[in-house]
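To convert, count from 1 in the sequence shown and add 2; that's my numbering.
Think of the CB as a built atom: it goes at the ideal place given N, C-alpha and C, for glycine as much as any other residue.
Since the structure comes first, as structure tokens, the remarks are kept for the end.
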Amino acid sequence: MVECVVIGAGLAGLQAARRLKDCGVSVVVVEAGDHLGGRVSQLEGLAPWPLQLGPEFIHGEECNVLKDFIDAQGWEMREYEWPDRYFFGKGVGERRLMVAEDADENDPDVREVHRLFAELPGVPIDRDVTALEWLRDIVQCSDKVLALAESIYANDFGTSLALMGMQEAVVEQRGWNYGEKYLVLDRSLHRVAEALAKGIDVRLGWKVSEIIRPPDGAPGPVTIRRSTGETMVASRCVVVAAPITALKPNNPGSIAFTPPLPMVKTKAIDRVKVSNSVKVFLAFESSFWPEGLFDVVCAGCFLPEMWILKYPSTENVGRGGGARMASDQGVDPSVPARTKEVVTFFAAGNLADELSRMERKTVVERALDQMDEMFGSDANPRPSRSRLTGSYVADWKNEELVGGAYTYPTLHAFGSREVVAAPDGESVFFAGEATHPGVNPCMQGAMETGLRAAAQVLSAVRPPKSSL
Numbered sequence: 003m004v005e006c007v008v009i010g011a012g013l014a015g016l017q018a019a020r021r022l023k024d025c026g027v028s029v030v031v032v033e034a035g036d037h038l039g040g041r042v043s044q045l046e047g048l049a050p051w052p053l054q055l056g057p058e059f060i061h062g063e064e065c066n067v068l069k070d071f072i073d074a075q076g077w078e079m080r081e082y083e084w085p086d087r088y089f090f091g092k093g094v095g096e097r098r099l100m101v102a103e104d105a106d107e108n109d110p111d112v113r114e115v116h117r118l119f120a121e122l123p124g125v126p127i128d129r130d131v132t133a134l135e136w137l138r139d140i141v142q143c144s145d146k147v148l149a150l151a152e153s154i155y156a157n158d159f160g161t162s163l164a165l166m167g168m169q170e171a172v173v174e175q176r177g178w179n180y181g182e183k184y185l186v187l188d189r190s191l192h193r194v195a196e197a198l199a200k201g202i203d204v205r206l207g208w209k210v211s212e213i214i215r216p217p218d219g220a221p222g223p224v225t226i227r228r229s230t231g232e233t234m235v236a237s238r239c240v241v242v243a244a245p246i247t248a249l250k251p252n253n254p255g256s257i258a259f260t261p262p263l264p265m266v267k268t269k270a271i272d273r274v275k276v277s278n279s280v281k282v283f284l285a286f287e288s289s290f291w292p293e294g295l296f297d298v299v300c301a302g303c304f305l306p307e308m309w310i311l312k313y314p315s316t317e318n319v320g321r322g323g324g325a326r327m328a329s330d331q332g333v334d335p336s337v338p339a340r341t342k343e344v345v346t347f348f349a350a351g352n353l354a355d356e357l358s359r360m361e362r363k364t365v366v367e368r369a370l371d372q373m374d375e376m377f378g379s380d381a382n383p384r385p386s387r388s389r390l391t392g393s394y395v396a397d398w399k400n401e402e403l404v405g406g407a408y409t410y411p412t413l414h415a416f417g418s419r420e421v422v423a424a425p426d427g428e429s430v431f432f433a434g435e436a437t438h439p440g441v442n443p444c445m446q447g448a449m450e451t452g453l454r455a456a457a458q459v460l461s462a463v464r465p466p467k468s469s470l
């Protein structure tokens, strides 16, 4: 019998298990999915290299536990300024691509949107409002500033201005101490999950349906029931590091608690929301954009952001390694050999939900139209289609075990994450990006919660000896 079972092999769960194992606690990790890393997952079969379906960027070069872990492995990272460029489209009455440095200096609307989110003027302290209400009704900003805020800030938060709660947004903005660089690992992020899991007993395809714990918060044992009916017993405790959707009832991946969790916790869980996100991958045989282009924030366009990255082809793991395959959407096996560039579009929030309701072909066609608007010329106004080799649309709402992408600053959820994160007595502990008190859904935020949960377990399982 192990002392602790960790539920979820995402970065939070693996980090918790890694710390516990290193401190001498016997631990098993169970994971409902078919791969390590949780939302860190990859797509193969569209390019010679794997594409990141989930998180891709390491946000911030300072105080970053993920960066520290990568450095300890001896791996390299590329460093980028974000955003790299802006494109102002027909929706804001323009057609103009600008280098970010020039836009930050010379475009008053770009300067204004950054000032607003840095200073947060007029955000009420006695009530919560959406970012849309704050910008439109309180600040009364221009339509172009509103469009920029939607594409730069709301989309980066993983939501829409109309959904984004300003009380939690203020917490995130004022608590961010990681720096502003975007870092890209020199290999697939799947390798981070592998390194965290090294030497740990991880059981994939082990979907938990119920956690049966002692009443009144007493210490273990805790029984973990699998969806197939078999059970596993932890002698001391369990760390729940599954997505917060698993803690909400009536979801495909929902976990029941016996006895039920306290009402104060279930209400907090209900208040913290998960948004959808969609990635649109367009593969091309050659580039038709400015050399060195990395990322473009698009205001007044169909899709709000795009970027272009490559990874070593040696990082492919195949379907057996948990990768999604582009052939599932009809991509021909010959496509990777013909692909030299891949553009990734990213959309979140209400727009992602709208994309979910559209036919995949329509999404791809409109994304190609946007590429033509951005990079077409008088000599070649529609350069995208003649170079296209294949496409893939990844919709996180369709990921059964998650049902969305990640949490976002939620209206009326201020203070709820601390309640979700709090241990339930001495036998059930919680980790995962939704439990981060700084409203940080990034990978290092998830890992920080794993370290916190491990410290709580160690305090319960290995209490310090009295000096008396």
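In angstroms with no decimal places, state the Cα-to-Cα distance between residue i and residue j.
i      : j      : result
Glu64  : Leu185 : 11 Å
Val280 : Glu58  : 13 Å
Thr225 : Ala349 : 40 Å
Met166 : Pro126 : 14 Å
Lys23  : Glu401 : 30 Å
Arg387 : Asp86  : 25 Å
Phe296 : Ile9   : 37 Å
Val266 : Val421 : 8 Å
Tyr472 : Gly302 : The structure shown does not extend to residue 472, since the chain spans only 3 to 470, so no value can be given for it.
Val274 : Asp130 : 14 Å
Arg113 : Pro251 : 44 Å
Thr132 : Val282 : 27 Å
Val173 : Cys444 : 15 Å
Trp178 : Ala149 : 24 Å
Lys399 : Gln142 : 33 Å
Pro335 : Gly35  : 25 Å
Ser358 : Pro383 : 29 Å
Ser329 : Asp128 : 52 Å
Ala456 : Gly91  : 48 Å
Asp139 : Leu99  : 29 Å
Taking only three categories from DSSP, how would you classify residue i?
i      : result
Trp136 : helix
Ala301 : strand
Tyr184 : strand
Phe89  : strand
Leu148 : helix
Arg192 : At residue 192 the sequence reads His, which differs from the Arg that was named. His192 falls in the helix class under three-state DSSP.
Glu121 : helix
Arg384 : coil
His477 : Residue 477 lies beyond the stretch modelled for the chain, which goes from 3 to 470, so this question has no answer here.
Arg227 : strand
Gln44  : strand
Trp398 : helix
Ser237 : strand
Lys281 : strand
Gly39  : strand
Gln372 : helix
Phe377 : helix
Asp130 : coil
Gln142 : coil
Glu170 : helix
Just tell me which of the options has its CA closest to the CA of residue i.
i      : options                           : result
Gly440 : Pro465, Ala456, Thr412 and Lys200 : Thr412
Leu249 : Lys23, Glu152 and Phe431          : Phe431
Pro511 : Gln458, Arg205 and Glu5           : Coverage of the chain is limited to positions 3 through 470, which leaves residue 511 absent and any answer about it impossible.
Glu293 : Asn253, Ala301, Trp309 and Phe283 : Trp309
Gly79  : Pro52, Lys267 and Ile60           : One point to set straight first is that residue 79 is Met, not Gly, in the sequence displayed. It is Ile60 whose Cα lies nearest to the Cα of Met79.
Pro110 : Pro123, Ser144 and Ala49          : Ser144
Phe159 : Arg384, Asn253, Gly405 and Phe119 : Phe119
Tyr180 : Lys363, Tyr313, Lys69 and Ala415  : Lys69
Val241 : Ala19, Arg228, Ala105 and Pro465  : Ala19
Ala285 : Cys239, Val235, Val276 and Pro338 : Pro338
His37  : Gly207, Val333, Asn442 and Ser358 : Gly207
Met376 : Glu307, Glu435, Ile271 and Ala244 : Glu307
Val345 : Gly351, Gly322 and Ser393         : Ser393
Tyr313 : Gly15, Leu13, Cys25 and Gln54     : Gln54
Phe210 : Glu182, Ser256 and Leu191         : Note on identity: in this sequence residue 210 is Val, with Phe being the wrong assignment. Closest by alpha carbon: Ser256.
Thr391 : Val319, Ser288 and Ser153         : Ser288
Any beta carbon from chain C within less than 9 Å of residue i's own beta carbon?
i     : result
Val67 : Within the model displayed, chain C is absent; a lone protein chain is all it includes.
How would you call residue i, buried or exposed, if buried means at least 16 neighbouring beta carbons within 10 angstroms?
i      : result
Asn66  : buried
Gly62  : buried
Met449 : buried
Thr233 : exposed
Gln44  : buried
Arg326 : buried
Ile404 : Looking at the sequence shown, residue 404 is not Ile but Val. Buried, because 16 or more other Cβ atoms sit within 10 Å of the Cβ of Val404.
Thr364 : exposed
Gln17  : buried
Arg205 : exposed
> Which residue spans inside the segment 289–368 form an unbroken alpha helix (DSSP H) run of at least 4?
Replying inline: 337–340 and 351–359
> In chain order, which beta strand (DSSP E) runs of at least 3 residues are fully inside the segment 235–276?
Replying inline: 258–260
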